[in-house]
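Asks:
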Amino acid sequence: NALKIASFALLAGVAMPAAAQDAPSYTGPRAEARLAYDFVGAGLRNTQNFQNRGTFGDDSSDEGTNLGVEVGYDLAAGPVVVGAYAGAEIGETQIVSIGRPYRFETGTNFTLGARVGIQSRGVLVYAKGGYSNGELKPVILTGGNAALFNSYDRNRDGFHAGAGAEFTLSGGLYGKVEYLHHRYDRATISATEELRFSRNQLIAGVGYRF
Numbered sequence: 078n079a080l081k082i083a084s085f086a087l088l089a090g091v092a093m094p095a096a097a098q099d100a101p102s103y104t105g106p107r108a109e110a111r112l113a114y115d116f117v118g119a120g121l122r123n124t125q126n127f128q129n130r131g132t133f134g135d136d137s138s139d140e141g142t143n144l145g146v147e148v149g150y151d152l153a154a155g156p157v158v159v160g161a162y163a164g165a166e167i168g169e170t171q172i173v174s175i176g177r178p179y180r181f182e183t184g185t186n187f188t189l190g191a192r193v194g195i196q197s198r199g200v201l202v203y204a205k206g207g208y209s210n211g212e213l214k215p216v217i218l219t220g221g222n223a224a225l226f227n228s229y230d231r232n233r234d235g236f237h238a239g240a241g242a243e244f245t246l247s248g249g250l251y252g253k254v255e256y257l258h259h260r261y262d263r264a265t266i267s268a269t270e271e272l273r274f275s276r277n278q279l280i281a282g283v284g285y286r287f
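This note's numbering runs 77 ahead of the 1-based position in the sequence shown.
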């Protein structure tokens with residue numbers, strides 16, 4: 078864990094030098110490579126209500142790293158920048174289902190959305206959000222009931238929202254830091270159980286505006 082955090086901090090440090098004095102053109106296409114610290118939550122939850130004690134489950138979480146890319150197109154109108162983007166990433170975070178014979182593993186994650194921000198002197202601060210599709214693969218351990226997942230679709234639809242900042246490095250080259258929260262559709266596993274899936278990401282990236 079310390080190595081993951083140190084790697085992220087190093088990349089984030091590279092991505093945040095002093096902003097250039099001359100603001101770049103924010104109108105046009107861009108592409109970037111990204112490294113994400115990925116904190117994933119998943120688990121089976123019993124939906125039965127036990128009177129005043131509510132519902133019970135085994136929500137679990139773990140952390141890992143994701144590598145990805147994002148492409149987009151921005152339009153600038155004075156200090157305001159609006160744009161659309163699409164992204165793809167892959168990771169292998171594993172989440173152990175506490176007290177049950179299942180493990181869950183992440184895979185691909187796809188995003189499609191829009192962003193709006195304010196730029197000044199080579200720094201763009203923005204908010205973003207849109208559609209997410211994340212992969213969550215169940216692994217059946219000894220004693221597990223594989224039939225529970227017969228109709229399970231491991232690619233879950235959902236949404237994401239977050240904010241970030243881009244810093245001009247040189248010419249069209251930029252670095253960035255970003256936070257994103259993803260929440261995916263719950264999956265009904267049985268008449269009394271559902272699978273929940275979400276993630277929080279801290280992202281550092283380097284890209285180029287064409």
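By construction, the Cβ of each residue, glycine as well, lies at the ideal position given by its N, Cα and C atoms.
A quick note: this is a predicted structure, and the numbers were derived from the prediction, not measured.
With a cut-off of 8 Å on the beta carbons, I'd call Arg111 and Gly145 a contact; round off their distance for me.
Replies: So it is a contact: roughly 5 Å between Cβ atoms.
Asks: What three-state label does DSSP hand Phe226 in the structure shown?
Replies: Reduced to three states, the DSSP call for Phe226 is helix.
Asks: According to DSSP, is Thr104 helix, strand or coil?
Replies: Here Thr104 sits in coil by DSSP.
Asks: Leaving out five residues on either side along the sequence, give the residues of the same chain with a beta carbon under 6 Å from the beta carbon of Phe274.
Replies: Answer for Phe274: Ala119, Leu213, Arg233, Tyr261, listed in chain order.
Asks: Looking only at its own chain, which residues have a Cβ that is under 8 Å from the Cβ of Ala264, when we skip the five neighbours before and after it?
Replies: Contacts found: Tyr229, Asp230, Arg233, Glu271, Leu272, Phe274.
Asks: Is it the case that the Cβ atoms of Val283 and Gly248 are separated by a distance below 8 Å?
Replies: No, they are not a contact pair.
Asks: Is Pro215 helix, strand or coil when you go by DSSP?
Replies: Of the three classes helix, strand and coil, the one that applies to Pro215 here is strand, per DSSP.
Asks: Round the Cβ separation of Tyr103 and Leu201 to the nearest angstrom and send it over; I've been treating them as touching at under 8 Å.
Replies: Contact flag correct, Cβ pair sits at about 7 Å.
Asks: If you draw a straight line from the C-alpha of Pro178 to the C-alpha of Phe236, how long is it?
Replies: One C-alpha to the other measures close to 29 Å.
Asks: Compute the Euclidean distance between the alpha carbons of Gly190 and Val254, then round it to the nearest angstrom.
Replies: Spanning the two alpha carbons is a distance of roughly 17 Å.
Asks: Taking DSSP's pairing of strands, which residues face Ser138 in a bridge?
Replies: For Ser138, which the question treats as bridged, DSSP gives the partners Gly118.
Asks: Any idea if Gly155 is buried or exposed, counting beta-carbon neighbours within 10 angstroms, 16 or more meaning buried?
Replies: Answer is exposed; the Cβ neighbour count stays below 16.
Asks: Does DSSP put Ser174 in a helix, a strand or coil?
Replies: Looking at Ser174 - three-state DSSP - the assignment turns out to be coil, as it is neither helix nor strand.
Asks: Return yes when the Cβ of Thr188 is within less than 8 Å of the Cβ of Ala204, no when it is not.
Replies: No. Outside cutoff.
Asks: Helix, strand or coil: which one does DSSP assign to Gly249?
Replies: Note: Gly249 maps to coil in three-state DSSP.
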